[in-house]
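Trainee: Throughout the sequence shown, residue numbering follows the working numbering, covering 855 to 1002 in sequence.
For glycine and all other residues, C-beta sits at the position ideal for the given N, C-alpha and C.
Just dropping this structure here.
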Amino acid sequence: MSEVSDRKGRLLGLLPMLGALLAVTGALTWGDIWAQRHFGLIGQTLPRPHGVVQGESWRQVLDFTADPVPGPQPGLVVTSVRSRGYAEKAGLAVGDWIESADGREPPTLQALAEELSARGQQPIHLRVVHQGAVRTVELAREPGLMAR
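Laid out in C-alpha coordinates, this is it:
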(Lines of atoms letter the chains of each structure in order from A and count residues from 1; the text may use other names and numbers.)
(Lines give C-alpha, C1' and ligand atoms only; values in the text may rest on other atoms or scores of the structure.)
Protein backbone atom coordinates (compact mmCIF):
# COMPACT_ATOMS: atom_id res chain seq x y z
CA MET A 1 0.00 0.00 0.00
CA SER A 2 1.13 3.56 -0.66
CA GLU A 3 0.41 6.36 1.72
CA VAL A 4 -0.87 9.61 0.26
CA SER A 5 -0.22 12.78 2.27
CA ASP A 6 -0.96 16.46 1.80
CA ARG A 7 1.70 19.22 1.87
CA LYS A 8 1.62 19.36 5.67
CA GLY A 9 2.29 15.63 5.94
CA ARG A 10 -1.21 14.67 7.04
CA LEU A 11 -2.24 11.21 5.91
CA LEU A 12 -5.06 11.42 3.37
CA GLY A 13 -5.53 7.73 2.76
CA LEU A 14 -4.02 4.55 1.43
CA LEU A 15 -3.84 3.77 -2.26
CA PRO A 16 -3.32 0.18 -3.48
CA MET A 17 -0.49 -0.32 -5.93
CA LEU A 18 -1.34 -1.51 -9.45
CA GLY A 19 0.25 -4.95 -9.02
CA ALA A 20 -1.53 -5.72 -5.76
CA LEU A 21 -4.83 -4.54 -7.17
CA LEU A 22 -4.53 -6.73 -10.24
CA ALA A 23 -3.43 -9.72 -8.16
CA VAL A 24 -6.47 -9.44 -5.89
CA THR A 25 -9.23 -8.42 -8.32
CA GLY A 26 -7.86 -9.27 -11.75
CA ALA A 27 -9.40 -6.08 -13.16
CA LEU A 28 -9.30 -2.32 -12.84
CA THR A 29 -12.26 -0.05 -12.18
CA TRP A 30 -12.49 3.49 -13.59
CA GLY A 31 -11.87 4.80 -10.09
CA ASP A 32 -8.67 2.78 -9.91
CA ILE A 33 -7.50 4.08 -13.28
CA TRP A 34 -8.27 7.66 -12.25
CA ALA A 35 -6.48 7.28 -8.92
CA GLN A 36 -3.44 5.67 -10.52
CA ARG A 37 -3.31 8.37 -13.19
CA HIS A 38 -3.89 11.15 -10.65
CA PHE A 39 -1.20 9.90 -8.25
CA GLY A 40 1.27 8.94 -10.99
CA LEU A 41 1.07 5.18 -10.50
CA ILE A 42 -0.02 4.17 -13.99
CA GLY A 43 3.44 3.52 -15.40
CA GLN A 44 4.57 4.88 -18.72
CA THR A 45 2.86 8.00 -20.01
CA LEU A 46 3.03 9.02 -23.65
CA PRO A 47 4.94 12.25 -24.15
CA ARG A 48 2.79 15.14 -25.27
CA PRO A 49 2.87 15.20 -29.05
CA HIS A 50 5.31 17.72 -30.48
CA GLY A 51 6.24 15.88 -33.65
CA VAL A 52 4.99 16.14 -37.17
CA VAL A 53 2.43 13.84 -38.79
CA GLN A 54 2.62 14.03 -42.59
CA GLY A 55 3.52 17.72 -42.57
CA GLU A 56 1.12 18.71 -39.78
CA SER A 57 1.80 19.26 -36.11
CA TRP A 58 0.06 16.86 -33.70
CA ARG A 59 -1.90 19.83 -32.32
CA GLN A 60 -3.48 20.35 -35.74
CA VAL A 61 -4.44 16.67 -36.00
CA LEU A 62 -5.63 15.67 -32.51
CA ASP A 63 -7.90 17.66 -30.25
CA PHE A 64 -7.71 15.14 -27.40
CA THR A 65 -4.97 13.42 -25.40
CA ALA A 66 -4.86 9.85 -24.11
CA ASP A 67 -2.58 7.60 -22.12
CA PRO A 68 -1.99 3.87 -22.66
CA VAL A 69 -3.78 1.41 -20.36
CA PRO A 70 -1.46 -1.32 -19.07
CA GLY A 71 -2.61 -4.84 -18.45
CA PRO A 72 -4.36 -7.72 -20.15
CA GLN A 73 -6.82 -5.48 -22.06
CA PRO A 74 -4.69 -2.63 -23.45
CA GLY A 75 -6.06 0.48 -25.06
CA LEU A 76 -6.09 4.24 -24.44
CA VAL A 77 -7.75 6.27 -21.68
CA VAL A 78 -8.77 9.76 -22.79
CA THR A 79 -7.15 12.33 -20.47
CA SER A 80 -8.34 15.59 -22.06
CA VAL A 81 -10.70 16.73 -24.81
CA ARG A 82 -10.65 20.19 -26.42
CA SER A 83 -13.88 22.05 -25.70
CA ARG A 84 -16.15 22.26 -28.77
CA GLY A 85 -13.63 20.29 -30.84
CA TYR A 86 -14.44 17.46 -33.23
CA ALA A 87 -13.69 14.75 -30.64
CA GLU A 88 -16.10 16.30 -28.13
CA LYS A 89 -18.75 16.73 -30.84
CA ALA A 90 -18.34 13.04 -31.73
CA GLY A 91 -19.00 12.13 -28.09
CA LEU A 92 -15.49 11.38 -26.81
CA ALA A 93 -15.08 12.33 -23.12
CA VAL A 94 -12.37 12.34 -20.46
CA GLY A 95 -12.18 8.88 -18.89
CA ASP A 96 -13.35 7.03 -22.01
CA TRP A 97 -11.42 3.86 -22.74
CA ILE A 98 -10.63 3.42 -26.45
CA GLU A 99 -10.46 -0.33 -27.07
CA SER A 100 -10.03 -0.36 -30.86
CA ALA A 101 -10.04 1.76 -34.00
CA ASP A 102 -11.72 0.34 -37.11
CA GLY A 103 -11.53 -3.12 -35.54
CA ARG A 104 -7.76 -3.00 -34.98
CA GLU A 105 -6.65 -3.43 -31.37
CA PRO A 106 -5.18 -1.65 -29.51
CA PRO A 107 -4.69 1.77 -31.11
CA THR A 108 -1.85 4.12 -30.23
CA LEU A 109 -2.13 7.88 -30.05
CA GLN A 110 0.39 8.23 -32.88
CA ALA A 111 -1.51 5.75 -35.07
CA LEU A 112 -4.77 7.64 -34.52
CA ALA A 113 -3.13 10.96 -35.44
CA GLU A 114 -1.61 9.48 -38.60
CA GLU A 115 -4.89 7.84 -39.62
CA LEU A 116 -6.92 11.02 -39.03
CA SER A 117 -4.38 13.03 -41.01
CA ALA A 118 -4.51 10.59 -43.92
CA ARG A 119 -8.33 10.33 -43.97
CA GLY A 120 -9.25 13.97 -43.70
CA GLN A 121 -13.02 14.01 -43.13
CA GLN A 122 -13.51 10.24 -43.47
CA PRO A 123 -14.37 8.88 -39.99
CA ILE A 124 -12.48 6.39 -37.87
CA HIS A 125 -14.80 4.10 -35.90
CA LEU A 126 -13.62 3.86 -32.30
CA ARG A 127 -14.92 1.18 -29.94
CA VAL A 128 -15.16 3.09 -26.66
CA VAL A 129 -16.17 2.14 -23.12
CA HIS A 130 -17.96 5.15 -21.63
CA GLN A 131 -19.07 4.84 -17.99
CA GLY A 132 -19.23 1.05 -18.33
CA ALA A 133 -21.20 1.01 -21.59
CA VAL A 134 -19.61 0.01 -24.90
CA ARG A 135 -20.38 2.26 -27.85
CA THR A 136 -18.99 3.28 -31.22
CA VAL A 137 -17.72 6.81 -31.79
CA GLU A 138 -17.24 8.05 -35.36
CA LEU A 139 -14.25 10.37 -35.16
CA ALA A 140 -13.55 12.63 -38.16
CA ARG A 141 -11.81 15.95 -38.54
CA GLU A 142 -13.76 19.08 -39.34
CA PRO A 143 -13.38 20.68 -42.80
CA GLY A 144 -11.32 23.59 -41.41
CA LEU A 145 -8.74 21.12 -40.10
CA MET A 146 -7.99 19.45 -43.42
CA ALA A 147 -4.37 19.09 -44.48
CA ARG A 148 -3.30 21.87 -46.81
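DSSP puts Ala972 in a beta bridge; with which residues?
Mentor: Ala972 is not bridged to any residue.
Trainee: Taking the alpha helix (DSSP H) that Glu953 falls in, what are its first and last residues?
Mentor: That residue, Glu953, is in no alpha helix (DSSP H); its beta strand (DSSP E) goes Trp951 to Ala955.
Trainee: Just tell me which of Arg938, Arg973, Ser971 and His979 has its CA closest to the CA of Gln960.
Mentor: Looking at the sequence itself, residue 960 is Pro, so the reference to Gln does not match. It is His979.
Trainee: Pull up the distance between the alpha-carbon of Arg936 and that of Asp917, whole angstroms please.
Mentor: Cα to Cα, Arg936 sits roughly 5 angstroms from Asp917.
Trainee: What are the boundary residues of the beta strand (DSSP E) that includes Ala987?
Mentor: Residues Ala987 to Leu993.
Trainee: Roughly how many angstroms lie between the CA atoms of Val988 and Gly949, to the nearest whole one?
Mentor: Taking the straight line from one Cα to the other gives about 13 angstroms.
Trainee: Determine the direct distance from the alpha carbon of Glu996 to that of Gly986, and round the result to whole angstroms.
Mentor: So the alpha carbons of these two residues sit roughly 28 angstroms apart.
Trainee: Go through its chain and collect everything with a Cβ distance to Ala944's Cβ below 7 angstroms, but skip five positions before and after it.
Mentor: Cβ neighbours of Ala944 beyond the five flanking positions: Val991, Glu992 and Leu993.
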